[in-house]
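Visitor: The structure follows.
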């Protein structure tokens, strides 16, 4: 059973900022929040990880409020190539059976 | 290419046959994971190894599935007496585990797509 809830799908247009919010009400103290991206017929690819506040890298930002019960992945100025499924996961340092991929959010970027 | 590799990329078999998949992780990674993914779903955890030791198996994993990592490098996943419900993408991932703290990035391979007729 997934420990996270996120929208099943989202649409956006090229050049827009996309924000995908994930709920994880039962996040544990030792859990980190990790986002993956997956294109068709490929394995998931790590995007970003955080524990609290804000994390930014070259592809995305991750916003985590103080209560850590949710998080928001922000993709700036999306392009058609950002069309993919995005997964939000919570877990500690073990990627075992408690590290659960839900169905993810299918993002479609339109021209 | 120093990423995770999987072989074969595609496999078609008849129901009842045995199949074996191979995964070569990133060389310095000590943990290796197997997942199964069906259409429209996220990857489902099957099992993982730290070096040659199998540390965890999914509670839902059938006895027909077995995995090995004999020398702590590559791993094989075998499915015996395949069933049509085994048709899926089988993904392998690896990571470098160094203990408590932020999770090390998990790198996935391209997967092996299995079709059981």
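Residue numbers (the working numbering), protein chains in the order written: chain A, 8 to 118; chain B, 146 to 262.
Note that the Cβ used here is the ideal one computed from N, Cα and C, for glycine as well.
1. Check whether the Cβ atoms of residue 191 of chain B and residue 206 of chain B lie closer than 8 Å to each other.
2. Closer than 9 Å between beta carbons: that is the criterion. Which residues of the segment 31-54 of chain A meet it against chain C?
3. Just list the residues that DSSP pairs residue 53 of chain A with in beta bridges.
4. Compare the Cα-Cα distances from residue 194 of chain B to each of B/257, B/216, B/153 and B/208 and report the closest residue.
5. Is residue 88 of chain A helix, strand or coil when you go by DSSP?
6. Apart from the five residues on each side of it in sequence, which residues of its chain come closer than 7 Å, Cβ to Cβ, to residue 173 of chain B?
7. Quick check on residue 118 of chain A - is its C-beta less than 8 Å from some C-beta in chain B?
8. Determine the chain A residues that contact residue 241 of chain B at a beta-carbon separation under 7 Å, and present them in chain order.
9. Taking only beta carbons into account, state which residues of the segment 203-223 of chain B come closer than 9 Å to chain A, listed in chain order.
10. Please report the distance separating the alpha-carbon of residue 19 of chain A from that of residue 71 of chain A.
11. At which residues does the beta strand (DSSP E) containing residue 155 of chain B begin and terminate?
12. Residue ranges of each beta strand (DSSP E) run of no fewer than 3 residues wholly in the segment 199-240 of chain B, ordered along the chain?
13. Which residues in chain A sit within 7 Å of residue 251 of chain B, going by Cβ to Cβ distance?
14. Name the chain A residues that come within less than 7 Å of residue 201 of chain B, Cβ to Cβ?
15. What's the call for residue 65 of chain A, buried or exposed, on a 16-neighbour Cβ count within 10 Å?
16. Using alpha carbons as the reference points, say which of A/102, A/49 and A/79 lies closest to residue 62 of chain A.
17. Since residue 232 of chain B and residue 259 of chain B are thought to touch, with beta carbons under 8 Å apart, how far apart are those beta carbons, to the nearest angstrom?
18. Run the CB neighbour count on residue 89 of chain A, radius 10 Å, all protein chains shown included, and call it buried at 16 or more, exposed below.
19. Please compile the residues from chain A whose C-beta is within a distance smaller than 7 Å of the C-beta of residue 187 of chain B.
20. Return the chain-ordered list of same chain residues with a C-beta closer than 8 Å to the C-beta of residue 30 of chain A, the five sequence neighbours on each side being excluded.
21. With 8 Å set as the bound, which would you pick, yes or no: does the beta-carbon of residue 190 of chain B sit closer than that to a beta-carbon of chain A?
Guide: This is what the structure holds:
1. The answer is yes: Cβ separation under 8 Å.
2. Looking for chain C here will not work: the only protein chains present are A and B.
3. The beta-bridge partner set that DSSP reports for residue 53 of chain A consists of A/43.
4. B/216
5. helix
6. Answer for residue 173 of chain B: 241, listed in chain order.
7. no
8. Chain A residues near residue 241 of chain B: none, gap ~11 Å exceeds 7 Å.
9. Within the segment 203-223 of chain B, the qualifying residues are 203, 204 and 205.
10. 22 Å
11. 155-158
12. 210-213, 220-224 and 233-240
13. Neighbours of residue 251 of chain B on chain A, chain order: 53 and 102.
14. 103 and 104
15. exposed
16. A/79
17. 6 Å
18. buried
19. 94, 108, 109, 110 and 111
20. Within its own chain, the residues whose Cβ lies closer than 8 Å to the Cβ of residue 30 of chain A, once the five positions on either side in sequence are excluded, are 11, 12, 13, 76 and 77, listed in chain order.
21. yes
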